[in-house]
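Beneath this line is the structure, given in C-alpha cells, with notes to follow.
Numbering (the numbering used here), first residue to last: 181 to 600.
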C-alpha cells in the first residue's frame, strides 16, 4: 500500500467534482451567480486534487499546537509577548480568538511550523471543497478519508462563535454579528464571507458583512448602516487596529462595547513572529518554565528563529542562503524574502525594519496534472484550531516563493489521511 509521500509524488488524478462544489456555493439565490464569479475572477482558489498525510504527521502537528498553547498559558511567556505589543493588546476581554491557523511545511524530519495566524481564512471554503471530492478510481477508494468529520463541522464553527460571545457576555442573548474587513466585496476570500453569513442566518443570528471603514461609534455603541453591532468576526489585517479608518472599531473594542474575535490580545500572544524566537530557543524555553516534554516538541517542530539586529547582521548575511526573512508583524508572506534571493538593497531595508530570520524548512511537493502536463507544486498545510483543539486541516498548493493563489493547478486542497 502506498504511503502519503508516495501518493503526493505519484498520484496526479483530479478528484474535484466541480459541479458539486459550485452547487454548494450557489445555494443562496440572493447571492447571485457565485459559480461564474469564482471561475472567472478566482480561477486558482481551489485545486483539482487532494493532499495525503499519514496519521503520524497529523499527530505530530497536533502535539506542536498543544505544546504552543500550553506555553502561551505561562505567565512568563505572556509577560514577554505582551511587552512587545502595543497597549491595546495588553487587556483580555475574554474571547480566545476564532480560527487560529497553524501553517506547516511537511519535511523529512516531521512537520515544521512556519507561522501562526490569528485570522486564518479559508475554513468554510475548505469544508465545501472537501465535500466535493470524488474517488478518482476504485484502486484509490481506501485513501479517501477526510482529515475531519465533515457533517458536524459547521455546527462546531457556530458553537465556537457562541462560546466566544459567552466568554465576554455570559448568558446574555447573542446580538448582531458583523463580518468585517476593508472593502469586503473585493476581498479574494469574499465567497467565504457569504458562507459565514448563511451559517449565522440559518441559526437565526442577525448578521451583516461590513466594511470596517464604514463602522461608526455613536452613543457608546458600534454601528453599521444604522444598526448596532454587538459582535465582530474580524478579518482585518490591521491586527492592532492602528489605522485611522479603524478608529470606531478600536474605540468600541477598548471600551468593551463589542465582542471582537480574533482580537489584538490573541494576536500578540500567538501571531507576532517574534514569539517564534522564544518558542524555538532552548534557553528561553527553560527560563520560562516549559516542561521538558513540551520543550522537546517545540524544538523539533519549529525552525530556529532569530531577531534581525545590527549585532547579528553580518552573520545573518553570511548565512542568508539558509534563512527566510519575515516582518515581525506581517501577514500573508508580504515583504518576506528567501535569503538566497536577497539583494543588498533589500537587505538594508530589512535591517531598518523589524524582522525575524527563520531557518528554511523546505516544503514538500504534490504532483498535479495541469493541461495535460504533470507539474510538481509546493504545498503547505494549515491546521485550523480553537483553544488548542484541531478543527480542520487543509492544504495550499503553489509555485514560487510563497503561497499566492496565482498558480495554475494550485489553491486550496483537502487533506486526506492514509494509513501509515
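Ideal Cβ placement from N, Cα and C applies to all residues, glycine included.
Do residue j and residue i have their beta-carbon atoms positioned less than 8 Å apart in this structure?
i, j, result
"residue 488", "residue 548", "no"
"residue 554", "residue 192", "yes"
"residue 568", "residue 227", "no"
"residue 344", "residue 439", "yes"
"residue 452", "residue 265", "yes"
"residue 536", "residue 508", "yes"
"residue 176", "residue 544", "Shown here, the chain extends from 181 to 600; a query on residue 176 therefore has no answer."
"residue 511", "residue 417", "yes"
"residue 291", "residue 359", "no"
"residue 433", "residue 449", "no"
"residue 400", "residue 356", "no"
"residue 377", "residue 275", "no"
"residue 294", "residue 285", "yes"
"residue 594", "residue 310", "yes"
"residue 404", "residue 388", "yes"
"residue 498", "residue 539", "no"
"residue 579", "residue 287", "no"
"residue 195", "residue 342", "no"
"residue 585", "residue 202", "no"
"residue 235", "residue 597", "yes"
"residue 518", "residue 464", "no"
"residue 254", "residue 468", "yes"
"residue 419", "residue 298", "yes"
"residue 396", "residue 414", "no"
"residue 222", "residue 368", "yes"
"residue 278", "residue 340", "yes"
"residue 550", "residue 589", "yes"
"residue 383", "residue 330", "no"
"residue 352", "residue 197", "no"
"residue 546", "residue 233", "no"
"residue 566", "residue 280", "yes"
"residue 641", "residue 592", "Beyond the ends of the chain as shown, which are 181 and 600, falls residue 641; an answer cannot be given."
Would you kindly report the start and end of the unbroken beta strand (DSSP E) that includes residue i?
i, result
"residue 414", "411 to 414"
"residue 390", "387 to 391"
"residue 546", "544 to 550"
"residue 500", "It is not in any beta strand (DSSP E) - residue 500 carries neither H nor E in the DSSP assignment."
"residue 559", "553 to 566"
"residue 402", "401 to 404"
"residue 307", "Looking at the DSSP string, residue 307 is not in any beta strand (DSSP E); the run it does join, the alpha helix (DSSP H), is 303 to 311."
For the alpha helix (DSSP H) holding residue i, just list the boundary residues, first then last.
i, result
"residue 257", "255 to 263"
"residue 602", "For residue 602 there is no data in the structure shown, the boundaries of the chain being 181 and 600."
"residue 538", "Note, residue 538: premise wrong, no alpha helix (DSSP H); beta strand (DSSP E) at 535 to 539."
"residue 526", "524 to 532"
"residue 190", "184 to 190"
Quick one: what's residue i bridged to in DSSP?
i, result
"residue 593", "575"
"residue 206", "In the DSSP output, where bridge partners are listed per residue, residue 206 has none listed."
"residue 295", "283"
"residue 196", "313"
"residue 581", "Bridge partners of residue 581: none, in fact."
"residue 396", "403"
"residue 231", "595"
"residue 506", "536"
"residue 569", "566"
"residue 137", "For the chain, the structure presents residues 181 to 600; residue 137 sits outside this window and is missing."
"residue 517", "505"
"residue 290", "287"
"residue 226", "592"
Less than 8 Å between CB atoms is the rule here; does residue i satisfy it with respect to chain D?
i, result
"residue 380", "This model lacks chain D altogether, as it is built from one protein chain only."
Q | Entirely enclosed alpha helix (DSSP H) segments - the stretch 422 to 489, minimum 4 residues | A | Qualifying alpha helix (DSSP H) stretches, in chain order: 427 to 434, 444 to 450, 455 to 459, 462 to 468, 472 to 481.
Q.
Within 8 Å, do at least three Cβ pairs link the stretch 251 to 262 to the stretch 415 to 429?
A. no
**Q.** Contained beta strand (DSSP E) runs [length at least 3] in the stretch 342 to 378, N- to C-terminal order
**A.** 357 to 361
Q. Would you call the stretch 390 to 403 and the stretch 360 to 368 touching, i.e. three or more CB-CB distances under 8 Å?
A. Result yes; three or more Cβ-Cβ pairs closer than 8 Å.
Q.
Any contact between the stretch 566 to 585 and the stretch 300 to 308? By contact I mean 3 or more CB pairs, one from each, below 8 Å.
A. yes
Q.
Any contact between the stretch 224 to 243 and the stretch 451 to 468? By contact I mean 3 or more CB pairs, one from each, below 8 Å.
A. no
Q: Kindly confirm or deny that the stretch 471 to 484 and the stretch 267 to 278 touch, where touching means at least three C-beta pairs closer than 8 Å.
A: no
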